[in-house]
Amino acid sequence: MTDRAARAAAQWAVARPDLDLLAMETLGRLHEASILVTRERQAPLYARYGLQHGEFDVLATLRRAPSSEGLTPTALYEATMMSSGGMTARLDRLQKSGLIERTPHPNDRRASLVKLTPKGFDLIEAMMPLHMAESQAMLADLSREEQAVLGALLARLIATVEA
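All residue numbers for the sequence shown refer to my numbering, where the first residue is 5 and numbers rise by one.
Laid out in structure tokens, this is it:
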């Protein structure tokens with residue numbers, strides 16, 4: 005059985021045999037893996053708790069933050085790789101659900117701090133073991149060494165693309 009990237013590469017190999025298709029095939033697999041991980045494996049877990057992926061990410065970011073006083077919306081959107089507009093919409097939904105609260109920033113009148121409510125804290129505490137178990141299940145066919153190598157290679161790719 006071949007994946008979509010392999011099928012596309014095979015078609016390109018016929019249409020344009022002069023092209024080196026390895027990079028396209030590798031990045032195609034990376035893209036498909038990302039979609040499958042998010043849509044097929046993680047989304048059902050988040051939906052069970054009434055969340056979307058981005059909302060889970062916000063709660064998790066707040067939970068692991070070094071300060072219990074909260075984070076600014078700017079710090080949140082930088083940590084979660086989303087736009088400021090997207091962050092505002094997520095924060096509105098999470099606040100309406102009673103999972104976060106916004107308070108005025110003590111040192112900057114133009115800013116606010118976002119922190120977990122007790123309900124939000126309890127939710128992310130309950131979800132994290134399930135999230136980690138699902139993550140481990142997805143990588144179960146790889147040894148720990150292979151997982152470490154894959155992680156290192158992806159980190160190198162990210163650093164190269166960001167540079």
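We treat Cβ as the ideally placed atom computed from N, Cα and C, and that holds for glycine.
**Q.** Cα-Cα separation between E44 and P21, rounded to whole angstroms
**A.** 34 Å
Q | Range of the contiguous beta strand (DSSP E) that encloses L117 | A | 116 to 120
Q. At which residues does the alpha helix (DSSP H) containing T107 begin and terminate?
A. Element bounds for T107: not the alpha helix (DSSP H) but the beta strand (DSSP E), 104 to 108.
Q) Is there contact here, the segment 25 to 41 with the segment 60 to 79, by at least three beta-carbon pairs under 8 Å? A) no
Q.
Comparing C-alpha positions only, which one of L157, A152, M132 sits nearest to Q46?
A. M132
Q.
Check this for me: beta carbons of A95 and G124, under 7 Å apart or not?
A. The sequence as given places Leu at residue 95; Ala does not occur at that position. No, the Cβ-Cβ distance between L95 and G124 is not below 7 Å.
Q. Using 8 Å as the threshold, is the segment 26 to 33 in touch with the segment 58 to 74, meaning 3 or more CB pairs across them?
A. no
Q: With a cut-off of 8 Å on the beta carbons, I'd call L146 and L158 a contact; round off their distance for me.
A: Rounded, the Cβ-Cβ distance is 13 Å, inconsistent with contact.
Q | Run of the alpha helix (DSSP H) containing L143, from where it starts to where it stops | A | Where L143 is concerned, there is no enclosing alpha helix (DSSP H), given that its DSSP letter is neither H nor E.
Q. For the putative contact between R67 and I128, defined by C-beta atoms under 8 Å, what is the C-beta separation to the nearest angstrom?
A. 5 Å
**Q.** Candidates T107, A115, A10, R113: closest to T121 by CA position
**A.** T107
Q. According to DSSP, which residues form a beta bridge with L75?
A. V118
Q | M91, buried or exposed, once every other Cβ within 10 Å from all chains shown has been counted against 16 | A | buried
Q. Looking only at C-alpha atoms, which of P48, R113, L80 sits nearest to L63?
A. L80
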